[in-house]
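In this note's numbering, the protein residues as written are 262 to 621.
Don't be surprised by glycine CBs; every beta carbon is placed ideally from N, CA and C.
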């Protein structure tokens, strides 16, 4: 007789019911991310579609030792880039102006650049970084600056080229335009320069009725003016031998008129001639061997300057003497009027005239 055998039930788990999931989205795969801070620790990697990538190139390279022609759209149209002379054995700066093109911004900071310098058959490489911008502004400190000294004792031809983002660390729309110039090099001859001897003559200035400071002196008079002039002109480091004649020239003629200024220049010219061309007769002195003599007047009595240009021989036209104020300065970065006017007037002695620009 069949008996009923109870079957012990077992739990058979059922397949779990599906649960809702988020709507799938497209995730972009980026092969060449843009590095935000080249040559420094990376804080973030920003991935951009190709259309938003920047394009980096170079506006140009200015090779300067203080004054240089560059970007003549903003200055002298007749002065080509890097056409002013440069001197051997003088501190030099290559200002590399980096160019930026892109949709998301008008500039990019910390952009690496490499300068190749060739001199006497040897290549020298220097790295720097700067701010890439859409246009050149020499008044800003955006350029990548490389400092060097062509330390040769004779004339030497030096050539240059630069490449922005040399290691291709920044993803760009165009990697083929990173070299400047696109082909070839910039070529410049660094010239041997001898020393320039300048003697300063201080005035004790006290014309009739004058009540201001009588004795010229201060930073510019004591050598600061010559230091500033040396930095600005194509003269090698330590290339100006400047000295101050002992004592003071007693001067009682007013410098408030052109005639009075001419009188002082003529007097200094005569002393220079006596101690140089006529030294066999009058003997040597502080002015012997000097290329220039500069008369310093106290700023209270004379705040300007005057040259003796050969082309305008009002006071002799020897191209030797200049006169000017001792207006205070503190350094070659903050030279003050005394140093500025000294350099200005002695450059005039080479028949260099004012430019035709608004700041002349």
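Residue i versus the options, residue with shortest Cα-Cα distance
{"i": "residue 370", "options": "536, 377, 362", "result": "362"}
{"i": "residue 435", "options": "453, 425, 442", "result": "425"}
{"i": "residue 403", "options": "381, 418, 538, 360", "result": "360"}
{"i": "residue 590", "options": "600, 320, 439", "result": "600"}
{"i": "residue 237", "options": "556, 488, 473", "result": "Nothing can be reported for residue 237, as the shown portion of the chain is limited to 262 through 621."}
{"i": "residue 406", "options": "387, 397, 412", "result": "387"}
{"i": "residue 552", "options": "529, 564, 567, 565", "result": "529"}
{"i": "residue 368", "options": "317, 326, 329", "result": "317"}
{"i": "residue 326", "options": "417, 491, 463", "result": "491"}
{"i": "residue 598", "options": "455, 396, 486", "result": "486"}
{"i": "residue 399", "options": "352, 329, 450", "result": "329"}
{"i": "residue 532", "options": "581, 522, 564", "result": "581"}
{"i": "residue 573", "options": "610, 455, 464, 394", "result": "610"}
{"i": "residue 464", "options": "596, 482, 449", "result": "482"}
{"i": "residue 448", "options": "428, 323, 430, 564", "result": "323"}
{"i": "residue 564", "options": "473, 455, 547", "result": "473"}
{"i": "residue 320", "options": "379, 376, 397, 519", "result": "397"}
{"i": "residue 376", "options": "366, 389, 364", "result": "389"}
{"i": "residue 517", "options": "466, 539, 430", "result": "466"}
{"i": "residue 575", "options": "588, 595, 520, 540", "result": "520"}
{"i": "residue 393", "options": "385, 378, 366, 379", "result": "366"}
{"i": "residue 512", "options": "557, 549, 550", "result": "557"}
{"i": "residue 459", "options": "549, 540, 596, 445", "result": "549"}
{"i": "residue 496", "options": "522, 379, 455", "result": "455"}
{"i": "residue 364", "options": "337, 395, 385", "result": "395"}
{"i": "residue 446", "options": "596, 588, 522, 343", "result": "343"}
{"i": "residue 451", "options": "537, 338, 379, 522", "result": "379"}
{"i": "residue 579", "options": "537, 437, 339", "result": "537"}
Residue i: first and last residue of the uninterrupted beta strand (DSSP E) it sits in
{"i": "residue 384", "result": "383-394"}
{"i": "residue 316", "result": "316-325"}
{"i": "residue 424", "result": "417-425"}
{"i": "residue 375", "result": "368-380"}
{"i": "residue 434", "result": "No beta strand (DSSP E) contains residue 434, which DSSP labels as neither H nor E."}
{"i": "residue 345", "result": "Looking at the DSSP string, residue 345 is not in any beta strand (DSSP E), and its letter there is neither H nor E."}
{"i": "residue 362", "result": "352-362"}
{"i": "residue 573", "result": "Neither: residue 573 is in no beta strand (DSSP E) and is coded neither H nor E."}
{"i": "residue 397", "result": "Segment: none, residue 397 is in no beta strand (DSSP E) and carries neither H nor E."}
{"i": "residue 586", "result": "582-586"}
{"i": "residue 407", "result": "405-410"}
Beta carbon of residue i nearer than 8 Å to that of residue j
{"i": "residue 577", "j": "residue 608", "result": "no"}
{"i": "residue 506", "j": "residue 461", "result": "yes"}
{"i": "residue 374", "j": "residue 357", "result": "yes"}
{"i": "residue 212", "j": "residue 501", "result": "Summary: the structure shown does not reach residue 212, with the chain confined to residues 262 through 621, and so no result is reported for it."}
{"i": "residue 476", "j": "residue 562", "result": "no"}
{"i": "residue 555", "j": "residue 584", "result": "yes"}
{"i": "residue 349", "j": "residue 413", "result": "yes"}
{"i": "residue 422", "j": "residue 408", "result": "no"}
{"i": "residue 439", "j": "residue 417", "result": "no"}
{"i": "residue 602", "j": "residue 586", "result": "yes"}
{"i": "residue 333", "j": "residue 341", "result": "yes"}
{"i": "residue 428", "j": "residue 353", "result": "no"}
{"i": "residue 606", "j": "residue 566", "result": "yes"}
Presumed contact (8 Å Cβ cut-off) between residue i and residue j, rounded CB distance
{"i": "residue 559", "j": "residue 515", "result": "Contact flag wrong, Cβ pair sits at about 13 Å."}
{"i": "residue 484", "j": "residue 509", "result": "With 8 Å as the limit, residue 484 and residue 509 do not qualify as a contact, their Cβ atoms being about 17 Å apart."}
{"i": "residue 571", "j": "residue 612", "result": "6 Å"}
{"i": "residue 453", "j": "residue 401", "result": "Wrong, their Cβ atoms sit about 34 Å apart, outside the cutoff."}
{"i": "residue 372", "j": "residue 391", "result": "6 Å"}
{"i": "residue 314", "j": "residue 432", "result": "5 Å"}
{"i": "residue 493", "j": "residue 604", "result": "6 Å"}
{"i": "residue 351", "j": "residue 498", "result": "5 Å"}
N- and C-terminal bounds of the alpha helix (DSSP H) containing residue i
{"i": "residue 601", "result": "597-609"}
{"i": "residue 331", "result": "Premise fails: residue 331 is in no alpha helix (DSSP H) and is neither H nor E."}
{"i": "residue 487", "result": "486-493"}
Enumerate, from N- to C-terminal direction, the unbroken beta strand (DSSP E) stretches of 3 or more residues contained entirely within the stretch 436-480. 447-452, 457-466
For a minimum of 3 consecutive residues, which ranges assigned as the beta strand (DSSP E) are wholly contained in the stretch 501-567? 501-505, 510-512, 553-558
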